[in-house]
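A.B. asks: First, the structure itself, so that you have it in front of you.
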């Protein structure tokens, strides 16, 4: 798998990164182990997680697999702090105390002395940006993190963070796919100007770009679940469905899979350092890792972009 530099930094990560939002929830430890093995065997390097995923249990699961499945030195790990969920309600707190306490707890669960990239997971309008950035800087100076970044910031927030920080931010995480191209309007130009690499989450449109929802909702899919259906629902309407049909047509003509076409398109976009995939099962992981990930013919790429306008 291709290895790419993250923004203007010297950090290199795999074109695909392994997201772990479903770990310890929809994905048990045995399946997680198989997914991680398939990812590593396919040339993957970066494992992405967050303290908020399953209330920290996703991080703990990663920690339990390090050493057995892969050595810590052979992978990069990114995690995030500043967000938590209680009783179904999301809470954002990127104060210095919350961030640094969260990082120490993450390191303990992961069983490591450092993470390769540490992110502020969300913009917090109640906390001065300088205070949040001071926590990131302290993590870098103390060796707890090798690099720092921001997650789910919009364009002006990202530009301001990069300008205010007295140290280099190297990455920004945001949702980006053929069915969600809002990032192109402001975020992509902002992070490129600041020298940040974009780590795109939900690169398969929360699963719809695989084509599995064409015509019906599979019983074992996220859209069929009572707790996770709302995550997929925004991309089951008429406009996203027209994009999915265009992707399926392009895939058929190229002799490739819809997920391969979708990921290949995304990885050729400006500023994208890596696409964070989130397979819930070993079967899904193997299908993704079998993708060619080669650039699409220009006329195919343009046709897909015409169907999926950024606005």
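In the UniProt record's numbering, the protein residues as written are 1 to 311.
Beta carbons are placed, not taken as given, at the ideal position from N, Cα and C, and that holds for glycine.
So, at 6 Å on beta carbons, what are the nonlocal neighbours of residue 100 in its own chain, with the 5 sequence-adjacent residues on each side left out?
C.D. replies: Residue 100 sits at position 100 when you count from the first residue of the chain shown. Around residue 100: 135.
A.B. asks: Assuming residue 170 contacts residue 149 (C-beta within less than 8 Å), just tell me the rounded distance between them.
C.D. replies: In the chain shown, counting from the first residue as 1, residue 170 sits at position 170. In the chain shown, counting from the first residue as 1, residue 149 sits at position 149. That belief holds up - the Cβ atoms of residue 170 and residue 149 are roughly 6 Å apart, short of 8 Å.
A.B. asks: If you scan the stretch 29-80 from start to end, which runs of the alpha helix (DSSP H) of 4 or more residues do you find wholly inside it?
C.D. replies: Runs found: 29-41, 57-65.
A.B. asks: When burial is assigned at 16 or more other CB atoms within 10 Å of the CB, is residue 45 buried or exposed?
C.D. replies: Position 45 of the chain shown, counted from the start, is the residue given in the question as residue 45. Buried: at least 16 other Cβ atoms inside 10 Å.
A.B. asks: Tell me which residues share the same chain as residue 334 and place their Cβ nearer than 8 Å to its Cβ, disregarding the 5 neighbours each side in the sequence.
C.D. replies: Outside the displayed span of the chain (1 to 311) sits residue 334, for which this structure offers no information.
A.B. asks: Note down the Cα distance separating residue 247 from residue 151, rounded to an integer number of angstroms.
C.D. replies: By 1-based counting over the chain shown, the position of residue 247 is 247. By 1-based counting over the chain shown, the position of residue 151 is 151. Going from the Cα of residue 247 to the Cα of residue 151 covers about 28 Å.
A.B. asks: For residue 102, tell me which candidate among 113, 189, 51 has the shortest Cα-Cα distance.
C.D. replies: In the chain shown, counting from the first residue as 1, residue 102 sits at position 102. If we check each option's Cα against that of residue 102, 51 comes out closest.
A.B. asks: Hey, would you say residue 116 sits closer than 8 Å to residue 146, going by beta carbons?
C.D. replies: Here residue 116 refers to the residue found at position 116 when the chain shown is read from its first residue. Here residue 146 refers to the residue found at position 146 when the chain shown is read from its first residue. Yes, they are a contact pair.
A.B. asks: Output yes or no for whether 8 Å exceeds the beta carbon distance between residue 316 and residue 240.
C.D. replies: Any question about residue 316 goes unanswered here, given that the chain covers just 1 to 311.
A.B. asks: Quick check on the burial criterion: 16 or more other C-beta atoms within 10 angstroms. Buried or exposed for residue 80?
C.D. replies: Taking the first residue of the chain shown as position 1, residue 80 is located at position 80. That one is buried.
A.B. asks: For residue 280, count neighbouring Cβ atoms within 10 angstroms of its own Cβ and tell me buried if that reaches 16, exposed if not.
C.D. replies: Against the chain shown, residue 280 aligns to sequence position 280. Classification of residue 280: buried, given that the 10 Å Cβ count is 16 or more.
A.B. asks: Given residue 61, which residues of its chain have a CB within under 7 Å of its CB, disregarding the five upstream and five downstream residues?
C.D. replies: Translated into the one-based positions of the chain shown, residue 61 becomes position 61. Within the same chain, residue 61 has close Cβ partners 23, 24, 29, 32.
A.B. asks: Measure from the alpha carbon of residue 242 to the alpha carbon of each residue in 156, 19, 172, 214, then state which is nearest.
C.D. replies: What you label residue 242 is simply residue 242 of the chain shown in a count that begins at 1. Nearest of 156, 19, 172, 214 to residue 242, Cα basis: 214.
A.B. asks: Starting from residue 208, trace the alpha helix (DSSP H) in both directions and tell me its first and last residue.
C.D. replies: As a first step, residue 208 is located in the chain shown; it is residue number 208 there, counting from the start. Here residue 208 belongs to no alpha helix (DSSP H), and DSSP marks it neither H nor E.
A.B. asks: Express the C-alpha separation of residue 305 and residue 298 in angstroms, rounding to a whole number.
C.D. replies: Here residue 298 refers to the residue found at position 298 when the chain shown is read from its first residue. Here residue 305 refers to the residue found at position 305 when the chain shown is read from its first residue. Taking the straight line from one Cα to the other gives about 11 Å.
A.B. asks: Would residue 77 and residue 200 qualify as a contact pair, given that the criterion is a beta-carbon distance under 8 Å?
C.D. replies: Against the chain shown, residue 77 aligns to sequence position 77. Against the chain shown, residue 200 aligns to sequence position 200. The answer is no: Cβ separation not under 8 Å.
A.B. asks: With a threshold of 8 Å between beta-carbons, can residue 72 be considered close to chain C, or not?
C.D. replies: Absence of chain C from the displayed structure is noted, only one protein chain being present.
A.B. asks: Taking the alpha-carbon of residue 21 as reference, which of 6, 53, 71, 85 has the nearest alpha-carbon?
C.D. replies: Position 21 of the chain shown, counted from the first residue, corresponds to residue 21. Per the Cα distances, 53.
A.B. asks: Could you spell out where the alpha helix (DSSP H) holding residue 253 opens and where it closes?
C.D. replies: Your numbering for residue 253 matches position 253 in the chain shown. Looking at the DSSP string, the run of the alpha helix (DSSP H) that includes residue 253 is 238-254.
A.B. asks: Rounding to the nearest angstrom, what Cα-Cα distance links residue 55 and residue 85 in this structure?
C.D. replies: Stepping through the chain shown from its first residue, residue 55 is reached at position 55. Stepping through the chain shown from its first residue, residue 85 is reached at position 85. So the alpha carbons of these two residues sit roughly 8 Å apart.
A.B. asks: Which of the three DSSP states is assigned to residue 299 in this structure?
C.D. replies: Walking along the chain shown from the start, residue 299 turns up at place 299. In this structure, residue 299 counts as helix in the three-state DSSP scheme.
A.B. asks: At what residue ranges does the stretch 88-165 contain a whole run of the alpha helix (DSSP H), taking only runs of 4 or more?
C.D. replies: Those alpha helix (DSSP H) runs which fall completely within the stretch 88-165 and span 4+ residues are 96-110, 129-141, 155-164.
A.B. asks: Going by other Cβ atoms of all chains shown within 10 Å of its Cβ, with 16 needed for buried, is residue 258 buried or exposed?
C.D. replies: Your numbering for residue 258 matches position 258 in the chain shown. Result: buried.
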